[in-house]
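Residue numbers (my numbering): 53 to 456.
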């Protein structure tokens, strides 16, 4: 090689490097906006909640007026696009570049954490089906999560499935206007064909909660029994301490056998966690909701385990097609980011006080069948809901449950 060739070689390398950088810059300019849109797009149809004017007649029902549908935004993201987007996120988690610090230091701040809005309110529904198409099903576990990204704090409100409510938007079908709260999910499910607005079962339940209680959510997510069990197994099961034995054995020939769980420290598989969460016959619905809170606390602890935390993006991708939600990948990442910031005192599970509800009976006007309901003054529920949404209830030191 001549002296001149030796001198020209570095120049050629610089030129090649500049060309490569230029191509990379061009690719970023072309593809980054599209990736950003996909990252921010909801994974399912966004909610369209009307604006209601509430009234309080004697039956504690409400009237709907001045309906102004909110515009739908975003498009669904495919499984393949999700996996591509999550691959980069997963690498970042594994490399320690994740927005999930293992031991965060929390300082008073008015800026929301994780690039999220100050507050996000999400409807979570556990559906009594194993069908991944969610064709039918009752919304038997109903939770409202208020995520405060400033405090930080997460409060989860349980609602009884047996509240007798007004169900909007489906009166053209057999004149149905009322039913149990869990039936609002069923009537919105695709298999029923009663409800055409976005969100299907969770969408109609969200509208029902807004109409009856002024409980307006930003987003929704629904998971069926099989998927819940698989998620618990995916993280390696959960650890739960039971202060006393829990008996889920059949009470008669028509009830399912949920098993018998001894007191003490227990390791639950997905199937055991699911059965434990469903036990009700020997107790009541409030006890069942308490069991579900115990499982959710244990699942939160497992998600923060060093062996599981880096895998959260892959877990999200793996179960995308098994849940229905209008949350985006970005919002799911923000929610995951919040987990390590939560002290045990700032993950709170609460429910409506048992003393404000009385067992009752209601007759379905379409079928003439009388059914069990929880009878309660809806104005009292609205007052609790208003404080819950404002972040002023439950008060510290009250009867709420924390993840001890």
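Cβ atoms here follow ideal geometry from the backbone N, Cα and C, with glycine treated the same way.
Local conformation of residue i per DSSP, three classes
i	result
residue 97	coil
residue 103	coil
residue 272	strand
residue 333	coil
residue 443	coil
residue 260	helix
residue 363	helix
residue 403	strand
residue 28	Given a span of 53 to 456 for the chain in the structure shown, any question on residue 28 remains unanswerable.
residue 293	strand
residue 169	coil
residue 181	coil
residue 144	The predicted position of residue 144 is uncertain, since its pLDDT is 44 and thus under 50; no value can be drawn from it.
residue 426	strand
residue 432	helix
residue 188	coil
residue 377	strand
residue 372	helix
residue 347	helix
residue 247	coil
residue 226	coil
residue 200	strand
residue 175	strand
residue 323	helix
residue 193	strand
residue 309	coil
residue 301	coil
residue 339	helix
residue 220	coil
Other residues of its chain near residue i: CB distance less than 6 Å, five sequence neighbours each side excluded
i	result
residue 380	92, 93, 94
residue 267	261, 437
residue 425	214, 216, 412, 414
residue 278	182
residue 470	Any answer about residue 470 is impossible in this case: the structure gives the chain only from 53 up to 456.
residue 397	454
residue 187	242, 243
residue 199	172, 206
residue 351	290
residue 202	164, 170
residue 441	none
residue 232	214
residue 223	229
residue 245	none
For residue i, the first and last residue of its enclosing alpha helix (DSSP H)
i	result
residue 285	277 to 286
residue 215	Counting along the chain, residue 215 falls outside any alpha helix (DSSP H), and DSSP gives it neither H nor E.
residue 383	381 to 390
residue 235	233 to 240
Expected contact under 8 Å - CB spacing of residue i and residue j to nearest Å
i	j	result
residue 288	residue 354	7 Å
residue 256	residue 236	5 Å
residue 250	residue 99	6 Å
residue 174	residue 197	5 Å
residue 347	residue 322	Not a contact, Cβ separation roughly 10 Å.
residue 258	residue 239	Not really, about 13 Å apart at Cβ, beyond 8 Å.
residue 406	residue 338	6 Å
residue 226	residue 383	About 37 Å separates the two Cβ atoms, so there is no contact after all.
residue 167	residue 410	The Cβ separation is near 45 Å, so there is no contact.
residue 176	residue 195	4 Å
Cutoff 7 Å; reference residue i; Cβ partners in own chain excluding five residues on either side
i	result
residue 180	189, 190, 192, 277
residue 96	128, 376, 377, 378
residue 333	303, 307
residue 270	172, 173, 174
residue 101	122, 258, 259, 262, 268
residue 295	315
Minimum Cβ-Cβ distance from residue i to chain C less than 8 Å
i	result
residue 410	The structure shown contains no chain C; it is built from a single protein chain.
Contacts around residue i, its chain only, beta-carbon distance under 8 Å, and the 5 residues preceding and following it disregarded
i	result
residue 293	316, 317, 318
residue 152	In this prediction, residue 152 has a pLDDT of 42, which is less than 50 and means its spatial position is unreliable; what the coordinates show is noted afterwards. 145, 361, 364, 388, 389, 391, 392, listed in sequence order.
residue 184	276, 278, 279, 373, 374
residue 309	300, 301, 302
residue 204	158, 165, 390, 393, 394, 398
For residue i, the first and last residue of its enclosing beta strand (DSSP E)
i	result
residue 356	No beta strand (DSSP E) holds residue 356; DSSP gives it neither H nor E.
residue 414	410 to 415
residue 316	316 to 320
Closer than 7 Å: residue i CB and nearest the ligand ZN heavy atom
i	result
residue 335	Absent from the structure shown: the ligand ZN. Ligands present: none.
Evaluate the contact criterion for the segment 342 to 351 versus the segment 327 to 334: three or more CB pairs, one atom per stretch, below 8 Å. yes
Could you check whether the segment 352 to 372 touches the segment 300 to 315, counting it as contact only if at least three pairs of C-beta atoms, one from each stretch, sit closer than 8 Å? By the Cβ rule, the segment 352 to 372 does not count as touching the segment 300 to 315, because fewer than three pairs are nearer than 8 Å.
Please determine if the segment 197 to 209 and the segment 393 to 404 are in contact, where contact requires at least 3 C-beta pairs separated by less than 8 Å. When Cβ pairs closer than 8 Å are counted between the two stretches, the segment 197 to 209 is seen to touch the segment 393 to 404, the count reaching three or more.
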